[in-house]
Structure formats: C-alpha cells, structure tokens
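A.B. asks: Heads up: take any position in the sequence shown, counting from 1, add 363, and you land on my numbering. Below is a structure I'd like to ask you about.
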Amino acid sequence: MRYFVSVLAIILVSCSSETKENTAMFLNQPTAKVYSITPSFKGVLTKEGKPLGNQKLIRKLKWNDNEEGIEQVFYTKENGEFELPPHEEELALGVLVEFVAKTDIYLEYPDSSSELYIWFSSKMDETLNSEFKELPQNVVCDIERAEQRISLRHGLCFTRCVWDNMPQEKSYNEP
Numbered sequence: 364m365r366y367f368v369s370v371l372a373i374i375l376v377s378c379s380s381e382t383k384e385n386t387a388m389f390l391n392q393p394t395a396k397v398y399s400i401t402p403s404f405k406g407v408l409t410k411e412g413k414p415l416g417n418q419k420l421i422r423k424l425k426w427n428d429n430e431e432g433i434e435q436v437f438y439t440k441e442n443g444e445f446e447l448p449p450h451e452e453e454l455a456l457g458v459l460v461e462f463v464a465k466t467d468i469y470l471e472y473p474d475s476s477s478e479l480y481i482w483f484s485s486k487m488d489e490t491l492n493s494e495f496k497e498l499p500q501n502v503v504c505d506i507e508r509a510e511q512r513i514s515l516r517h518g519l520c521f522t523r524c525v526w527d528n529m530p531q532e533k534s535y536n537e538p
C-alpha cells in the first residue's frame with residue numbers, strides 16, 4: 364500500500380497543471396444529459412378477465428438524488444385500457460455514479476383498504492426502453508393474478524401483468 368501511494372504521488376507531481384485542471388473538471392463537473400426514468404407503458408387492467416374501467420393508477424418514480432420521487436396519477440378508460448407516457452429527466456451524474464431508476468405502479472382500488480401493487484421495475488441504463496429486448500405487446504394486468512418476477516435486460520421487474528412477448532424465466536435446473 365505504501366508503494367502504491369508513493370507511485371501515485373510521483374504521478375500527480377509530474378502531471379502538468381493543465382492536465383490536473385482537466386482531470387479535476389472531468390471528475391467534479393459532470394455534464395447534464397437526458398436520462399430515461401421509465402418507458403411508456405400501456406395495457407388493459409382487469410379483474411378475473413373483466414375490464415376495470417375508470418380506475419385510478421398511481422405511478423411513483425424515483426432515481427438518483429431524488430429519493431422522495433414524484434407521483435403521477437392516471438385513469439383507465441371505460442374498457443380498462445390505460446397508457447402511461449415515458450418520463451425523462453435531465454441529470455448531471457458524475458463519472459463514478461451509477462444511474463438507477465425505479466418505477467412503481469399501484470391501483471387505488473375501492474374494494475381494498477390500501478393500494479394494490481401492479482408493477483415494480485428498476486433500471487440501470489439511461490436509454491429509452493433499455494429494459495426490454497422488445498417493448499411489451501398486448502399487456503394485460505389482472506389484479507387477481509399473483510405477482511411474478513421478470514428479469515429485464517438492465518434491471519428487474521415484479522408484476523401482475525402478462526404480455527405476448529414476455530421474457531421467460533429459466534429455472535435454476537435449466538442449462
């Protein structure tokens with residue numbers, strides 16, 4: 364360890380003042396860019412296969428340096444269809460900071476004393492739709508369905524929803 368510190372000190376002393384300034388700027392002053400917090404999400408909300416119309420969906424979003432997050436409210440149409448738009452933020456993260464975002468979707472259902480969990484996902488890639496190899500097609504979220512875990516490309520998902528091109532989970536016994 365002592366050798367490492369000595370070598371590091373020699374390198375820093377031998378650097379020109381211009382190099383030191385550039386390094387300090389690189390590490391201390393990150394450039395802002397647009398990060399995708401969550402993609403668009405559309406589907407049909409059902410209970411035992413029957414559409415749930417005019418229901419209140421609550422989407423909570425959190426990401427780096429925003430632990431309180433934001434809360435957004437949406438409603439299903441009469442036929443149970445819903446469409447939640449993508450959400451992006453301009454962030455200035457340092458080079459040593461890993462981007463992390465989280466999306467929770469709840470149903471404020473009249474027959475329940477609390478919010479009913481529909482969707483949780485996390486992502487660690489800032490690009491739009493980076494979680495999915497393909498965007499989910501024909502999403503159906505049935506509130507009576509048990510939650511299941513889905514591995515995403517750059518994150519994780521727990522959901523009551525299913526869709527046509529849904530990734531298949533491998534059991535630990537499969538090759």
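Just so you know, even glycine gets a beta-carbon here, dropped at the ideal spot from N, CA and C.
1. Could you round the C-beta distance between Leu456 and Thr439 to whole angstroms and report it? I think they count as a contact, below 8 Å.
2. With distances taken between CB atoms, is the gap from Phe445 to Arg422 smaller than 8 Å?
3. Short of 6 Å in beta carbon distance, which residues of its chain neighbour Phe483, apart from the five on each side in sequence? Order them along the chain.
4. According to DSSP, simplified to helix, strand and coil, what is Val397?
5. What does the alpha-carbon distance come out to for the pair Gln335 and Val502?
6. With a threshold of 7 Å on Cβ separation, who are the neighbours of Glu489 within its own chain once the five nearest residues in sequence on each side are excluded?
7. Candidates Cys504, Leu519 and Arg523: which alpha carbon is nearest Gln511's?
8. Closest to Asn427 by C-alpha separation, out of Lys486, Val407, Ile513 and Glu478, would be which residue?
9. Can you look up Gly412 in the DSSP assignment and give me helix, strand or coil?
10. Counting only runs that start and end within the stretch 451-484, where is the beta strand (DSSP E) found for 3 or more residues in a row?
11. Run through DSSP, which three-state label would Arg512 get?
12. Between the Cα of Glu441 and those of Thr409, Lys425 and Arg508, spot the shortest distance and give me the residue it belongs to.
C.D. replies: In short, the structure shows the following:
1. The pair is not a contact, with the Cβ atoms about 35 Å apart (cut-off 8 Å).
2. no
3. Asp467 and Phe521
4. strand
5. No statement about residue 335 is possible, as the shown extent of the chain runs from 364 to 538 and does not include it.
6. Tyr398, Ser399 and Phe462
7. Arg523
8. Lys486
9. coil
10. 464-471
11. strand
12. Thr409
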